[in-house]
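Counting along the sequence shown from 1, when you hit position 478 you're at 478 in full-length UniProt numbering, and nothing is skipped either side.
Structure first, then comments.
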Amino acid sequence: MDRQTYIEQLSYVADLHAIISATDLAGNITYVNDNFCDITGYAREELLGKNHRILKSGTHGPAFYKGMWQTLVDGSPWHGQIKNRKKDGSFYWVEATISPMYGSDGAPVGYLSIRTDITSTMEVLERLRLQARVIEMAGDAIVIADARLPDTPLIHVNPAFEEMSGYSLDEILDKNCRFLNRTDRDQPGLAAIRAAVRDGTEVRTVLRNYKKDGSLFFNEIHLFPVLDDNGILTHFVAIEQDVTKRILLEESLKKAKEEADRANRAKSDFLTLITHELRTPLNAILGYAQLVESNPRSSLDNEDRGHVKQIMAAGWHLLELIDQLLDLGRIETGNILLSLTTVGLRGLVEESQALAGDLWDRKRIGFQNLVPEDLVARADRERLRQVVINLLSNATKYSDPEKTVTVSGTIRDESTILLSVADQGWGLTQEQQTHLFESFNRLGAGERGIPGTGVGLVVVKKLVEMMGGTISVESQPGQGSVFMVVLPRALPLPLT
1 MDRQTYIEQL SYVADLHAII SATDLAGNIT YVNDNFCDIT GYAREELLGK
51 NHRILKSGTH GPAFYKGMWQ TLVDGSPWHG QIKNRKKDGS FYWVEATISP
101 MYGSDGAPVG YLSIRTDITS TMEVLERLRL QARVIEMAGD AIVIADARLP
151 DTPLIHVNPA FEEMSGYSLD EILDKNCRFL NRTDRDQPGL AAIRAAVRDG
201 TEVRTVLRNY KKDGSLFFNE IHLFPVLDDN GILTHFVAIE QDVTKRILLE
251 ESLKKAKEEA DRANRAKSDF LTLITHELRT PLNAILGYAQ LVESNPRSSL
301 DNEDRGHVKQ IMAAGWHLLE LIDQLLDLGR IETGNILLSL TTVGLRGLVE
351 ESQALAGDLW DRKRIGFQNL VPEDLVARAD RERLRQVVIN LLSNATKYSD
401 PEKTVTVSGT IRDESTILLS VADQGWGLTQ EQQTHLFESF NRLGAGERGI
451 PGTGVGLVVV KKLVEMMGGT ISVESQPGQG SVFMVVLPRA LPLPLT
C-alpha cells in the first residue's frame with residue numbers, strides 16, 4: 001500500500017464509526033461530523049452555533065444534567081446513556097463519553113463528545129425490561145432455600161428455573177445453589193451472595209452460571225431473606241432471570257466505544273503523519289530551491305532557472321495543501337482554538353488584500369474596499385483574515401485580467417454584519433454551487449490551469465461557522481460571483 005492510500009484510509013477510518021461533536025463551554029455546538037448529522041437529521045449548518053439542548057428529548061430530569069455538568073466542570077470525563085430527539089421528532093439513544101477540552105494555557109475551552117448509536121440496543125433492553133415485569137408476575141425463575149439447615153440447601157424451584165437451567169426439580173433438591181457455578185468460583189457476585197446469606201440481607205447481583213449441558217448463561221439474581229413472625233431468618237427466596245442477551249449487548253457497546261477510540265487515535269496518527277512525514281522534507285526542498293535561485297554565483301542558465309521556479313511553485317502549492325489539510329484536520333478534531341475579539345473589518349480587508357498574492361499585479365486586477373470604517377465583527381482576527389485572504393485569492397484566480405474585485409460590508413441586523421467579496425469572473429452554474437464547499441472538488445478549475453487545492457473553501461466555511469457565522473454565494477455564469485459572510489456583530493471600536 002502506498003503512503004497516499006494509507007493516509008486516505010486512516011482519514012476514512014477516523015470518522016467511520018463514531019458520532020462526534022464539540023461544543024464551547026456554554027454548550028453551543030462548534031463541530032459535528034457527518035455521522036452526527038446523519039443520526040440527528042439536521043444539516044451541519046442547522047447545528048453549528050446552536051446549543052446542544054435542541055436535541056433534548058425530555059426523558060432526563062434536571063438532576064441528570066446537573067450531575068453531568070458537575071462532572072465536566074470538575075474536569076472529569078462523563079460517561080452515560082442519553083436519549084435525544086431527532087429533527088423529525090423521533091428519538092434515539094447514544095452511549096456517550098464527554099470530555100473537557102483544554103487550551104494551551106490549561107484552561108477549559110469546550111467539550112468533546114464521542115457517541116455510539118445504541119438505539120436498537122436500548123429498544124431491545126426496553127423490551128427485555130417489559131418482559132421482565134411480565135415474568136415477575138407470572139414466570140420468573142423462583143428458587144427457595146432453607147436458611148435453617150446446614151449449607152442452605154434448595155427446597156424448591158419453579159418450572160421457569162428448570163427451563164432456564166436445564167435441571168429438573170429432582171436433580172436440584174437438597175443441593176446448594178453453588179453447583180450452578182461449577183468451577184467458576186472467582187466472581188464478585190458470589191462474594192456478595194455469601195455476605196447476604198451470612199448477614200441475612202437482600203442483594204441483587206449477576207452470576208456466571210452453567211446449564212446442565214455445560215453452556216454459560218448470565219443469571220441476574222434478586223435474593224430476599226424471609227423472616228418468621230418472631231423475626232427469625234428461615235428461608236431465602238431468589239427471583240432469577242437469564243440476562244445473557246443484555247450482558248452481551250453491554251459488552252458489544254463497550255467494544256463499539258473501544259473502536260471509536262481507535263478511530264480517534266487513527267485521526268491523530270493521520271495528522272502526525274502529515275506533519276512530520278510531508279512538511280519537514282518539503283521545507284527542505286523549498287529551502288534548497290530558494291538558495292539555488294538566489295545564489296548570484298550560480299551557473300544555471302535561464303532554462304535551469306525556469307526549472308527551479310517550477311520546483312518552487314509546485315512545492316509552495318503542496319505546502320499550501322498540507323497547511324489546509326492540517327487546518328481541516330484540526331477543525332474536525334476540535335483542536336483549533338479561537339480567540340473571539342472585536343475586529344475592525346476595513347483594516348483587516350486592507351491587510352488581507354496585501355497578503356493575497358501577486359496575482360493582483362500580474363493580472364492588473366482592480367480592488368475596491370467599500371467596508372465602512374466603523375464596521376466591526378465578533379471574530380478571531382487571525383482566522384477571519386485567513387478567510388478573507390482565501391476569498392480574495394479565489395476572486396483573482398477566477399477573474400480575467402483588468403477586472404475588479406470589490407469588498408463591501410454592512411450591518412445586517414441587530415446581531416449580525418454582512419461582509420461581501422464580489423468579483424467579475426467567470427461565475428458558477430447552479431450545479432457547481434451545489435458542490436462548492438466539497439473537499440477536493442475544484443469544479444473543473446484544474447482543466448483551465450488554475451492552481452489550487454480544492455480544500456480552501458471547505459476550511460473557510462468551517463472557520464466561519466466556528467466563529468458563529470455563515471457563508472453563501474450568489475453567482476451566474478459569465479457574471480461573476482459574490483461570496484457573502486455573515487458574522488456576529490460587535491460593539492464599535494473606541495475612538496483613539
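Idealized CB from N, CA, C, for every residue including glycine.
So who's on the other strand from residue i, going by DSSP bridges?
i      : result
Lys83  : Trp93
Glu259 : Per DSSP, none; premise fails for Glu259.
Phe224 : Val237
Ile232 : Note: Ile232 sits in no beta bridge, so no partner.
Ser420 : Ser408, Met484
Arg182 : For Arg182, which the question treats as bridged, DSSP gives no partner whatsoever.
Ile29  : Thr23
Gln433 : Looking at the DSSP assignment, Gln433 forms no beta bridge with any residue, so it has no partner.
Gln310 : None; Gln310 has no bridge partner.
Asp413 : Note: Asp413 sits in no beta bridge, so no partner.
Asn369 : Val407
Ser99  : Leu112
Ile285 : Its beta-bridge partners do not exist; DSSP assigns none.
Ile142 : Ile239
Could you tell me if residue i is buried or exposed, where buried requires 16 or more neighbouring beta carbons within 10 angstroms of its beta carbon?
i           : result
Arg148      : exposed
Thr121      : buried
Gln476      : exposed
residue 497 : The structure shown has nothing for residue 497, since the chain only spans 1 to 496.
Tyr102      : exposed
His17       : buried
Val73       : exposed
Ser165      : buried
Gly444      : The predicted position of Gly444 is uncertain, since its pLDDT is 47 and thus under 50; no value can be drawn from it.
Arg489      : buried
Phe64       : exposed
Ile19       : buried
Glu447      : For Glu447, the pLDDT reaches just 46, beneath the cut-off of 50, and the residue's location in the model is therefore unreliable, although a value from the coordinates is still provided. Looking at its Cβ environment, which holds fewer than 16 other Cβ atoms inside 10 Å, Glu447 is exposed.
Gly366      : exposed
Thr410      : exposed
Ser104      : exposed
Asn219      : buried
Gln424      : buried
Gln479      : exposed
Gly306      : exposed
Where does the unbroken beta strand (DSSP E) through residue i begin, and where does it stop?
i      : result
Leu375 : Run containing Leu375: none; DSSP gives neither H nor E here.
Asn51  : No beta strand (DSSP E) contains Asn51, which DSSP labels as neither H nor E.
Gly110 : 108-117
Ser472 : 470-475
Leu207 : 203-210
Asp74  : Run containing Asp74: none; DSSP gives neither H nor E here.
Could you tell me which of the options sits nearest to residue i, measuring between CA atoms?
i           : options                        : result
Ala238      : Glu350, Val94, Val143, Gly456  : Val143
Asp361      : Val485, Leu233, Lys397         : Lys397
Pro108      : Leu337, Pro153, Gly89          : Leu337
His435      : Val464, Ile39, Ser472          : Ser472
Tyr42       : Glu431, Gln432, Asp88          : Asp88
Leu223      : Leu419, Glu202, Lys50, Phe217  : Glu202
Gln386      : Gly425, Lys461, Thr404         : Lys461
residue 497 : Ser339, Met484, Gln479, Glu438 : Shown here, the chain extends from 1 to 496; a query on residue 497 therefore has no answer.
Thr152      : Arg129, Ala160, Phe179         : Phe179
Leu173      : Glu162, Thr183, Leu154, Asn181 : Leu154
Ala379      : Gly344, Gly469, Leu340, Ile411 : Leu340
Arg383      : Glu465, Thr410, Arg246         : Glu465
Leu370      : Val376, Ser352, Arg346         : Arg346
Val458      : Gly478, Ser481, Gln433         : Gln433
Asn35       : Gly200, Val124, Val94, Ala191  : Val94
Pro159      : Thr119, Gln241, Val124         : Gln241
Leu348      : Arg381, Thr71, Ala356          : Arg381
Ala263      : Ile221, Ala354, Thr116, Val243 : Thr116
Asn390      : Val421, Gln368, Gly106, Val243 : Val421
Val243      : Ala141, Gln310, Ala256         : Ala141
Ser393      : Glu414, Gln353, Leu419, Asn33  : Gln353
Val486      : Thr71, Glu431, Asp413, Glu438  : Asp413
Val124      : Leu249, Lys363, Ser415         : Leu249
Under DSSP, the alpha helix (DSSP H) around residue i begins and ends at which residues?
i      : result
Ser352 : 345-355
Ala192 : 188-199
Val464 : 456-466
Thr40  : 34-40
Thr152 : No alpha helix (DSSP H) holds Thr152; DSSP gives it neither H nor E.
Val243 : It is not in any alpha helix (DSSP H) - Val243 carries neither H nor E in the DSSP assignment.
Can you find a CB in chain C that lies within less than 7 Å of the CB of residue i?
i      : result
Gln386 : You won't find chain C in this structure, because it holds only one protein chain.
The segment 91-109 / the segment 15-28 touching (three or more Cβ pairs under 8 Å)
yes
Quick check: the segment 223-235 against the segment 147-161, are there 3 or more CB pairs under 8 Å?
yes
Under 8 Å: do the segment 154-168 and the segment 190-200 share three or more Cβ pairs, one atom per stretch?
no
Contact between the segment 172-187 and the segment 208-215: three or more CB pairs below 8 Å?
yes
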